[in-house]
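In the numbering used here, the protein residues as written are 17 to 347.
Where a beta carbon is used, it is the ideal one built from N, C-alpha and C, also for glycine.
Report on one structure; see the data block that follows.
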Amino acid sequence: MRPLKNKVKNEICYNLSTTSFHFDCDRIEPVPFYREKAGILEIMAVYAIGDVQGCYNELQKLLETIDFKPGKDRLWFAGDLVNRGPDSLATLRFVKGLGDTAITVLGNHDLHLLALSQGNLRHKTSDQTLEPILSAKDRDELLLWLRTRPLMHQDRKLDFSIIHAGLPPQWDIDTALRLAREVEAVLRGGGYSYFCSHMYGNEPRLWSDRLEGMDRLRFITNCFTRLRYCTMRGELALREKGPPGSQRYGCLPWYEMPGRASDSARILFGHWSTLGFRQARNTWALDSGCLWGGKLTALKLSKKKPPKLVQIKCKGHREKKIEAQTLWSLS
Ligand SMILES: [Mn+2]
17 MRPLKNKVKN
27 EICYNLSTTS
37 FHFDCDRIEP
47 VPFYREKAGI
57 LEIMAVYAIG
67 DVQGCYNELQ
77 KLLETIDFKP
87 GKDRLWFAGD
97 LVNRGPDSLA
107 TLRFVKGLGD
117 TAITVLGNHD
127 LHLLALSQGN
137 LRHKTSDQTL
147 EPILSAKDRD
157 ELLLWLRTRP
167 LMHQDRKLDF
177 SIIHAGLPPQ
187 WDIDTALRLA
197 REVEAVLRGG
207 GYSYFCSHMY
217 GNEPRLWSDR
227 LEGMDRLRFI
237 TNCFTRLRYC
247 TMRGELALRE
257 KGPPGSQRYG
267 CLPWYEMPGR
277 ASDSARILFG
287 HWSTLGFRQA
297 RNTWALDSGC
307 LWGGKLTALK
317 LSKKKPPKLV
327 QIKCKGHREK
337 KIEAQTLWSL
347 S
């Protein structure tokens, strides 16, 4: 294990520094995620946090509440760091600044920001909260950082995965991870701009491993960043956006699909503010509507114990009725 190796290195470093040998001690990296307690290496706290959407002050308050220690604890963000809230730029800078301490998966609003930055989309009124990022002096660094974030993160030791939206019933957890990597490779590569201008759309609806090109990438992206409901035939029902009970006949929340191939994996997700915090079928929904005057949620993750819920109340920055008017790509 790396911490043990570093401990040994430190001892070597100490011994050598008392002799005539030179050894560059400063080059040994600190061990950020483990600490020693009574001689046992102990993993630091890992918190999964729901959709922040530019609510920077609320995020800071939540981190205070959980007594977050940078360099010791780790944060997982469920995506949609930006848009609609009052301070997307500060939020993005802050999470980027956390470095390896934070892992964030991409949400639909994050992808929308990337698409806008490529200049292929007409700016709408609902995009105005993203403008400060697009005109920031550090915009290129921020956007490069954002487009190199994953669509899915998995920690096998902790036995948790995190995504922004959902998974179709046909994918097991390893398939999901493999397919996330396909889109991530495009976002990091030369096809990035083309991808941004062709990612929007609700088709295709049914997964097949024979899908190719943009159809394949769009399907994968829609699952990870937009999915809420599936039809009983296992298709994506992307037009359904309300809370459970509001959907048309024959649709089910993705996590309730019978025979879902990923149902043995513990999955954290955001995106669904009208669902609120909810634990069901080995999944945890983390978007509790901070932006809309609900709560901002953190879940302390543990391999053996049940996750511990911490929430703060938020005053809200948007009227509910706006949500209904901007349904398209942003929701
Ligand atoms: Mn979302």
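### Query
Candidates 90, 91, 166: which alpha carbon is nearest residue 126's?
166
### Query
On the three-state DSSP scale, how would you describe residue 299?
strand
### Query
Using a threshold of 7 Å, is the CB atom of residue 124 nearer than that to any non-hydrogen atom of ligand 1?
yes
### Task
Pull up the CB-CB distance for residue 106 and residue 286, whole angstroms please, since I reckon it's below 8 Å.
Their Cβ separation, rounded to whole angstroms, is 19 Å, which puts residue 106 and residue 286 out of contact at 8 Å.
### Message
Does the distance between the C-beta of residue 128 and the nearest non-hydrogen atom of ligand 1 fall short of 7 Å?
### Response
no
### Message
Rounding to the nearest angstrom, what Cα-Cα distance links residue 274 and residue 185 in this structure?
### Response
If I take the Cα positions, the gap works out to 8 Å.
### Query
Going by the C-beta, is residue 287 closer than 7 Å to any heavy atom of ligand 1?
yes
#### Entry: Cutoff 8 Å; reference residue 177; Cβ partners in own chain excluding five residues on either side
The answer, listed in chain order, is 168, 169, 170, 171, 189, 192, 193, 281, 282, 283, 284.
### Message
In the DSSP output, what is residue 281 paired with across the bridge?
### Response
For residue 281, which the question treats as bridged, DSSP gives no partner whatsoever.
### Task
Kindly examine ligand 1 and report whether one of its heavy atoms sits closer than 7 Å to the Cβ of residue 180.
Yes, ligand 1 has a heavy atom inside 7 Å of this Cβ.
#### Entry: Sequence-distant residues of its chain with Cβ nearer than 7 Å to residue 103 (five each side left out)
Taken in chain order, the residues that qualify are 70, 72.
### Query
Taking the C-alpha atoms as reference points, what is the distance between residue 325 and residue 293?
9 Å
### Query
Rounded C-beta distance between residue 88 and residue 161? I'm assuming under 8 Å.
In fact, because the Cβ distance is near 22 Å, the residues do not count as touching under 8 Å.
#### Entry: Proximity winner among 308, 248, 235, 269, relative to residue 300 (alpha-carbon distances)
269
#### Entry: Buried/exposed call for residue 248, threshold 16 Cβ in 10 Å
exposed
### Query
Among residues of its own chain, excluding the 5 on either side of residue 250, which ones have a beta-carbon nearer than 8 Å to its beta-carbon?
184, 185, 186, 222, 223, 273
#### Entry: Rounded C-alpha distance that separates residue 226 from residue 205
Looking at the two C-alpha atoms, the distance is approximately 22 Å.
### Query
If you scan the segment 222-279 from start to end, which runs of the beta strand (DSSP E) of 3 or more residues do you find wholly inside it?
Within the segment 222-279, the complete beta strand (DSSP E) runs of at least 3 residues are 245-247, 267-269.
### Rounded straight-line distance, which links the Cα of residue 304 to that of residue 199
Residue 199 and residue 304 have their C-alpha atoms spaced approximately 27 Å apart.
### Between the CA atoms of residue 219 and residue 181 - distance to the nearest angstrom
17 Å
### Task
Could you have a look at residue 315 and say whether DSSP puts it in helix, strand or coil?
strand
### Query
How far does the beta strand (DSSP E) with residue 169 in it reach, from first residue to last?
Residue 169 -> beta strand (DSSP E) spans 168-171.
### Task
Along the beta strand (DSSP E) that carries residue 65, what are the first and last residues, could you check?
62-65
### Task
Could you tell me whether the Cβ atoms of residue 317 and residue 328 are closer together than 8 Å?
No. Outside cutoff.
### Query
Hey, is residue 279 close to ligand 1, as in C-beta under 7 Å from one of its heavy atoms?
no
### Query
Is residue 240 near residue 149, with beta carbons less than 8 Å apart?
no
#### Entry: Contact under 8 Å by Cβ, residue 260 with residue 302
no
### Task
Taking only the alpha-carbon atoms, compute the straight-line gap between residue 245 and residue 252 and give it to the nearest angstrom.
6 Å
### Query
For the beta strand (DSSP E) that contains residue 92, what are its first and last residues?
Counting along the chain, the beta strand (DSSP E) containing residue 92 begins and ends at 90-93.
### Task
Would you grab the beta carbon distance between residue 98 and residue 108 for me? Rounded to a whole angstrom, and I think it's under 8 Å.
Residue 98 to residue 108, Cβ: 6 Å. Contact.
### Query
Cα-Cα, which of 322, 117, 307, 319 is closest to residue 66?
307
### Task
With hydrogens ignored, establish whether the beta-carbon of residue 67 is closer than 7 Å to any heavy atom of ligand 1.
yes
### Task
Enumerate in chain order the residues of its own chain whose CB-to-CB distance from residue 37 is below 8 Å, with the five nearest sequence positions on each side excluded.
The predicted model places residue 37 with a pLDDT of 32, which falls under 50 and marks its position as unreliable; any figure quoted below should be read in that light. Excluding residues within five positions, none has a Cβ falling inside 8 Å.
### Residue from 215, 323, 173, 201 with nearest C-alpha to residue 131
Checked all of 215, 323, 173, 201; the closest Cα to residue 131 is 215.
### Task
Using the DSSP secondary-structure output, state which residues sit across from residue 305 in a beta bridge.
DSSP output for residue 305 lists 311 as bridge partner(s).
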